[in-house]
Each structure stands twice: as structure tokens, then as C-alpha cells.
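>
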Amino acid sequence: MSRPVIHYFPIRGRAEVLRLAIVAGGDDFDVVDVNYQEQKSDREKYPFGQCPRLVDGDLNIVQSNTIARYLARKYKLQGKDETEMVAVDEIMEGVESLRVKYVNLIYNDKLEEAAKDLYWKTYFDKTTSEGRNGGAHMVYLANFLAKNGGKHTVGAGLTIADLCLWEILDLHLRIFEDAIKKEYPELVVFHDHIASQPGIKEYLASPKRLAAPNANTLG
Ligand SMILES: N[C@@H](CCC(=O)N[C@@H](CS)C(=O)NCC(=O)O)C(=O)O
Numbered sequence: 079m080s081r082p083v084i085h086y087f088p089i090r091g092r093a094e095v096l097r098l099a100i101v102a103g104g105d106d107f108d109v110v111d112v113n114y115q116e117q118k119s120d121r122e123k124y125p126f127g128q129c130p131r132l133v134d135g136d137l138n139i140v141q142s143n144t145i146a147r148y149l150a151r152k153y154k155l156q157g158k159d160e161t162e163m164v165a166v167d168e169i170m171e172g173v174e175s176l177r178v179k180y181v182n183l184i185y186n187d188k189l190e191e192a193a194k195d196l197y198w199k200t201y202f203d204k205t206t207s208e209g210r211n212g213g214a215h216m217v218y219l220a221n222f223l224a225k226n227g228g229k230h231t232v233g234a235g236l237t238i239a240d241l242c243l244w245e246i247l248d249l250h251l252r253i254f255e256d257a258i259k260k261e262y263p264e265l266v267v268f269h270d271h272i273a274s275q276p277g278i279k280e281y282l283a284s285p286k287r288l289a290a291p292n293a294n295t296l297g
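In the working numbering, the protein residues as written are 79 to 297.
Put into C-alpha cells, the structure is as follows:
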């Protein structure tokens with residue numbers, strides 16, 4: 079089996095779920111800092127002019143969720159049957175909807191206090207999940223976990239959906255730790271549980287885990 083190489087900026091960003099999938103699969107990865115000039119000009123390596131990019135043997139893959147699904151297949155994190163795989167995909171898309179809002183909060187709203195308050199009210203407050211939110215609300219994601227017993231979002235074992243939820247939760251715990259502990263204690267239990275899984279635990283404590291979640295130092 080080849081060892082995957084992640085081409086990305088030296089931040090956690092959209093590559094963090096990919097790193098988690100690789101280490102949860104009992105493997106390791108190499109990293110290459112992207113050459114921004116090349117990212118913008120080389121349409122073979124970067125068809126959309128963006129990273130992350132994964133090189134694994136003969137494969138050159140972009141689009142973080144495409145890479146995540148590839149790694150899920152490689153490391154058997156995609157769910158055991160069609161029912162599970164469908165649920166895994168649904169959760170990944172739900173997390174993506176929330177990520178779009180998170181990226182806006184960090185890069186456009188610059189994590190300002192008023193924006194943070196509105197963000198919590200719209201995407202986390204348990205009384206607002208029936209409002210207009212672009213499909214992004216932590217209640218939706220927490221429901222999958224609750225329906226499935228609390229340890230995993232889908233089935234009996236670890237899937238890429240758990241890693242996607244864990245990572246987006248990890249980002250939000252950095253901003254809303256007290257409120258999440260109060261309103262979603264079950265998510266904190268899930269966060270701790272996933273963080274203690276083989277491969278993940280060692281990775282999180284290692285120097286390979288980058289310090290900065292985002293490129294603009296916020297979050
Ligand atoms: N849909 C893409 C979005 C990738 C993306 O936003 N990449 C950012 C870094 S996180 C990037 O390359 N930004 C530089 C640019 O667009 O010029 C994915 O999921 O991979």
C-alpha cells in the first residue's frame with residue numbers, strides 16, 4: 079500500500095479530516111507545503127486551483143470531500159453496507175453545510191463578537207433548528223449521533239462521518255467551548271471518545287498535528 083502525500087498549507091484547515099482518516103486507518107502520511115504559484119497555474123495537479131491535493135501512488139486527487147471518500151474506501155471507514163454508506167454521505171454533506179458557515183464566520187466576519195452571537199443563535203441554538211439556516215445546524219448532526227447510541231454517528235464502528243463531525247466540532251469547541259459543554263454535553267462525550275481511538279490519540283499528541291486551524295490566525 080502506498081503512503082499518501084498531502085499537499086496543503088501548514089494549517090489544519092480542510093486537510094485535517096484527511097489526516098485523521100489516514101491515522102485512524104493505521105497508516106501515516108507525508109506532507110508537502112503547496113507552492114501557491116503551482117497551485118494556481120498547474121491544471122493537471124490542481125484542476126480547481128485549490129488545495130488540499132492528495133497524491134497516493136498513481137492517484138492525484140483534489141476536492142477535500144472526494145479525497146475523504148477515497149480514504150474512507152481505502153481504510154474501510156465508509157460504512158459496511160449501502161444503508162450505512164448513504165448515512166455517512168448525508169452526514170458528510172451536513173457537516174459541509176456547517177463548514178461553509180464556519181468559513182464565513184472566520185474569514186468574512188473575522189470572528190467578531192456580534193457575528194459570533196448570531197452564528198450561535200442560527201446554527202447551534204436548539205430552539206432555532208426549524209429556522210432558515212442553509213441546512214446547517216448542529217442539532218441535525220447531533221440527532222444522528224443520538225439515534226445511533228452516542229458513540230458513532232453510523233453503525234457500530236468508526237466511519238469518515240465520525241471524523242467529519244469530530245473535526246467540525248473540534249473547531250467549534252475552540253470558539254464556543256462553554257456553550258457547547260452546556261447545551262450539547264453528549265457531543266463533548268463523543269469528542270473525547272473519538273479522540274481516544276487508536277491512531278487518532280497518538281496523532282493528536284504528536285508534532286504532526288499542526289497548531290493553526292485557519293490561515294488568518296482566527297478560530
Ligand atoms: N471545495 C474545495 C475547497 C478548497 C479550498 O477552499 N481550498 C483553499 C484552502 S482551504 C485554497 O486553496 N485557497 C486558495 C485559493 O483558493 O486560491 C475542497 O473542498 O477542497
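Where a beta carbon is used, it is the ideal one built from N, C-alpha and C, also for glycine. For clarity, every value in this text was computed on a predicted model and none was experimentally measured.
#1: Report yes or no: do the region 268 to 286 and the region 242 to 254 share at least 3 C-beta pairs separated by less than 8 Å?
#2: Taking 8 Å as the cut-off, decide whether the C-beta atoms of residue 253 and residue 209 are in contact.
#3: Using a threshold of 7 Å, is the CB atom of residue 130 nearer than that to any non-hydrogen atom of ligand 1?
#4: Is there contact here, the region 228 to 246 with the region 152 to 170, by at least three beta-carbon pairs under 8 Å?
#5: Would you mind sorting residue 192 into buried or exposed? The rule is 16 or more other CB atoms within 10 Å of its CB.
#6: Pull up the CB-CB distance for residue 88 and residue 132, whole angstroms please, since I reckon it's below 8 Å.
#7: Have a look at residue 123 and residue 258 and give me their C-alpha separation to the nearest angstrom.
#8: Short check: CB of residue 233 to CB of residue 153, under 8 Å?
#9: Can you determine whether any heavy atom of ligand 1 sits closer than 7 Å to the C-beta of residue 91, and answer yes or no?
#10: Within this structure, are the beta carbons of residue 261 and residue 202 separated by less than 8 Å?
#11: Where does the unbroken beta strand (DSSP E) through residue 282 begin, and where does it stop?
#12: State the beta-bridge partners of residue 267 as determined by DSSP.
#13: When you compare the CB positions of residue 273 and residue 282, do they come within less than 8 Å of one another, or not?
#14: Flag residue 178 as yes when its Cβ comes closer than 7 Å to any non-hydrogen atom of ligand 1, and as no otherwise.
#15: Report the rounded CA-to-CA distance for residue 110 versus residue 185, giving the unit in angstroms.
#16: Should residue 274 be listed as close to ligand 1, given that the test is whether its C-beta is under 7 Å from any heavy atom?
#17: Can you have a look at residue 101 and say buried or exposed, based on whether 16 or more other CB atoms are within 10 angstroms of its CB?
#18: Considering only residues of the same chain and omitting the five flanking positions on each side of residue 90, which have a CB-CB separation below 6 Å?
#19: For residue 112, collect the residues of the same chain with a Cβ closer than 8 Å to its Cβ; drop the 5 residues on either side in sequence, then sort them by chain order.
#20: Which of the three DSSP states, helix, strand or coil, is assigned to residue 181?
#21: If distances are taken between C-alpha atoms only, which option among 176, 151 and 96 comes closest to residue 213?
The relevant details are as follows:
#1: Touching, yes.
#2: For residue 253 and residue 209, no; Cβs fall outside 8 Å.
#3: A distance criterion of 7 Å places the beta-carbon of residue 130 in contact range of ligand 1, judged by its closest non-hydrogen atom.
#4: Yes, since at least three Cβ pairs between the region 228 to 246 and the region 152 to 170 fall closer than 8 Å, the two stretches touch.
#5: It counts as exposed.
#6: No, residue 88 and residue 132 are not in contact; Cβ-Cβ is about 16 Å, not under 8 Å.
#7: Going by the C-alpha atoms only, they are around 39 Å apart.
#8: No, Cβ-Cβ distance for residue 233 and residue 153 is not below 8 Å.
#9: Within the cutoff, so yes.
#10: For residue 261 and residue 202, yes; Cβs fall inside 8 Å.
#11: Looking at the DSSP string, residue 282 is not in any beta strand (DSSP E); the run it does join, the alpha helix (DSSP H), is 278 to 283.
#12: Within the DSSP bridge table, the entry for residue 267 names no partner.
#13: A contact, by the Cβ cut-off of 8 Å.
#14: False, no ligand heavy atom lies under 7 Å from that Cβ.
#15: Distance between the alpha carbons of residue 110 and residue 185 is about 24 Å.
#16: For ligand 1, not one heavy atom lies less than 7 Å from the Cβ of residue 274.
#17: The residue is buried, with at least 16 neighbouring Cβ atoms inside 10 Å.
#18: Same-chain partners within the cutoff: 288 and 291.
#19: Cβ neighbours of residue 112 beyond the five flanking positions: 85, 86, 87, 129 and 131.
#20: In the three-state reduction of the DSSP assignment, residue 181 falls in the helix class, which pools H, G and I.
#21: Looking at the Cα atoms, 176 is the closest of the given residues.
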